[in-house]
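Chemist: Here it is, the structure, as structure tokens.
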Amino acid sequence: MLGSTKIYGCLADPIDHVKAPTIFTSIFKEKNINAVMIPIHVDKDNLENVIASLKKIKNFEGMTVTIPHKTSVTNLCDYLEPDAQFTQSVNWIKFDKNRKLIGNNFDGQGFVTGFKSQNFVLKNKKICLFGAGGAAVSIACSLAREQIKFIKIINRDLQKAIILKKKINLINKDIDIEITNHKDNYLLSDCDIVINATSLGLHKNDKLPFDVNETKHQSVIADIIMQPVETELLKQAKNLCRSVHYGKYMIESQIDLVGNFLDLW
Ligand code: NDP
0 MLGSTKIYGC LADPIDHVKA PTIFTSIFKE KNINAVMIPI HVDKDNLENV
50 IASLKKIKNF EGMTVTIPHK TSVTNLCDYL EPDAQFTQSV NWIKFDKNRK
100 LIGNNFDGQG FVTGFKSQNF VLKNKKICLF GAGGAAVSIA CSLAREQIKF
150 IKIINRDLQK AIILKKKINL INKDIDIEIT NHKDNYLLSD CDIVINATSL
200 GLHKNDKLPF DVNETKHQSV IADIIMQPVE TELLKQAKNL CRSVHYGKYM
250 IESQIDLVGN FLDLW
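For the sequence shown, numbering that gives the first Met the number 0 assigns the number 0 to the initial residue and increments by one for each residue that follows.
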């Protein structure tokens, strides 16, 4: 590290599971960019103060933002790029030359690009999405631009699923949308792709978000959890001979998009 090294941060609470500082610091090294990314453990109550302080650090260029700050940080940005504005969720922030905060969100595009990079198809597919939190909203909005046929949103808080349905309809009126509370009866065998976009799977003793036995044999089971790489859900899916899609592709596919946003590569 040099005096001229640029600093990027990764804001989260909890922080131990985050992968971004390792991934981005090694990309900076590979690409010969004089920068590092550090983990910044900050709780909800101190988010505003921390952001205000980071603004004053002149070699602090930007940060990635994750649980639980993606929504609350939108209110602290001076400008939101269209995907962040639409989803009201931010996963990257940069400071411009006037130290204004610009928020963006690459989660949805990252999922779609990563999924297609593994030669899976989205067009005309029937999709079931578990979750209606920050990541799920971004994914659903990006899926809505992919000519999918149908989406079933299953969430614990039904109100969030209702709001998400309205957002999807604003993007694409032709998609059939069904919403269900996760405690109600639902069918999975009518879907080609089933995505876990809840935080279930992050912790060792988490229950499975759904029973893979109920999905059809030809379905693809996708998880967005990155740590562990192979979640219990994906282990069950592999044991039942389903195609699986790992959470790591979602973040790996964001790297090019982030480089453009930060003007680094
Ligand atoms: P949010 O806190 O915004 O949303 C969490 C979602 O999980 C909500 O839908 C919530 O339901 C649901 N949920 C949480 N606990 C339970 C439970 N016990 N039972 C049922 N549902 C539950 O988080 P994010 O959307 O930002 O992130 C979700 C996960 O995705 C995280 O684990 C994160 O690590 C991962 N992620 C991965 C990325 C990648 O690049 N691979 C990128 C972004 C996130 P409810 O609405 O009812 O509370």
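We treat Cβ as the ideally placed atom computed from N, Cα and C, and that holds for glycine.
Among the candidates TYR7, ALA11 and PHE105, whose CA atom is the shortest distance from the CA of VAL257?
Modeler: Position 258 of the sequence shown, counted from the start, is the residue given in the question as residue 257. Closest option to VAL257, Cα to Cα, is PHE105.
Chemist: Please list, in chain order, all residues of the same chain as ASN123 whose beta carbon is under 8 Å from its beta carbon, the five residues on each side excluded.
Modeler: Residue 123 sits at position 124 when you count from the first residue of the sequence shown. Answer for ASN123: GLN146, ILE147 and LYS148, listed in chain order.
Chemist: Do LYS5 and ASN33 have their C-beta atoms within less than 8 Å of each other?
Modeler: For the purposes of this step, residue 5 is taken as residue 6 along the sequence shown, with counting starting at 1. For the purposes of this step, residue 33 is taken as residue 34 along the sequence shown, with counting starting at 1. The answer is yes: Cβ separation under 8 Å.
Chemist: Since ILE153 and ILE194 should fall inside the 8 Å C-beta cutoff, what is the C-beta to C-beta distance between them, to a whole number of angstroms?
Modeler: Counted from its first residue, the sequence shown places residue 153 at position 154. Counted from its first residue, the sequence shown places residue 194 at position 195. Actually they are not in contact, since the Cβ atoms of ILE153 and ILE194 sit about 10 Å apart, beyond 8 Å.
Chemist: Nearest by alpha-carbon distance to PRO13: which of ALA160, LEU263, PRO38 and SER141 is it?
Modeler: Numbered from 1 along the sequence shown, position 14 holds the residue referred to as residue 13. If we check each option's Cα against that of PRO13, PRO38 comes out closest.
Chemist: Does the region 125-136 come into contact with the region 153-172, if we say contact requires no fewer than three beta-carbon pairs (one atom in each stretch) closer than 8 Å?
Modeler: Yes: the two stretches touch, three or more of their Cβ pairs being nearer than 8 Å.
Chemist: Ignore the nearest five residues each way along the sequence and tell me which others in GLU80's own chain have a CB closer than 6 Å to its CB.
Modeler: To locate residue 80, count along the sequence shown from 1; it is residue 81. Closer than 6 Å at Cβ, skipping near neighbours: ASN103.
Chemist: Can you tell me which of the three DSSP states PHE209 falls into?
Modeler: In the sequence shown, the residue the question calls residue 209 occupies position 210. Correct three-state label for PHE209: coil.
Chemist: Please tell me whether, using a cut-off of 7 Å, the distance from the CB of THR197 to the nearest non-hydrogen atom of ligand 1 is below it.
Modeler: Stepping through the sequence shown from its first residue, residue 197 is reached at position 198. It does: the Cβ of THR197 is within 7 Å (strictly closer) of some heavy atom of ligand 1.
Chemist: Heavy atom of ligand 1 less than 7 Å from the Cβ of GLY130, yes or no?
Modeler: Working through the sequence shown from its first residue, we reach residue 130 at position 131. Correct: GLY130 has its Cβ closer than 7 Å to ligand 1.
Chemist: Is PRO38 near ligand 1, with its Cβ less than 7 Å from a heavy atom?
Modeler: By 1-based counting over the sequence shown, the position of residue 38 is 39. No, the beta carbon of PRO38 sits no closer than 7 Å to any heavy atom of ligand 1.
Chemist: Any heavy atom of ligand 1 closer than 7 Å to the beta-carbon of PRO67?
Modeler: Indexing the sequence shown from 1 puts residue 67 at position 68. Yes, ligand 1 has a heavy atom inside 7 Å of this Cβ.
Chemist: Note the first and the last residue of the continuous beta strand (DSSP E) segment covering GLU29.
Modeler: Residue 29 sits at position 30 when you count from the first residue of the sequence shown. Looking at the DSSP string, GLU29 is not in any beta strand (DSSP E); the run it does join, the alpha helix (DSSP H), is 19-29.
Chemist: Helix or strand or just coil, what does DSSP make of LYS69?
Modeler: Position 70 of the sequence shown, counted from the start, is the residue given in the question as residue 69. Note: LYS69 maps to coil in three-state DSSP.
Chemist: Figure out for me which residue from GLN253, VAL211 and THR21 has the closest Cα to the Cα of ILE239.
Modeler: One-based indexing of the sequence shown puts residue 239 at position 240. Looking at the sequence shown, residue 239 is not Ile but Leu. Residue VAL211 is the option with its Cα nearest to LEU239.
Chemist: Tell me the rounded alpha-carbon separation between LYS182 and HIS40.
Modeler: For the purposes of this step, residue 182 is identified with residue 183 of the sequence shown, where counting begins at 1. For the purposes of this step, residue 40 is identified with residue 41 of the sequence shown, where counting begins at 1. Near 33 Å, if we compare the C-alpha coordinates of HIS40 and LYS182.
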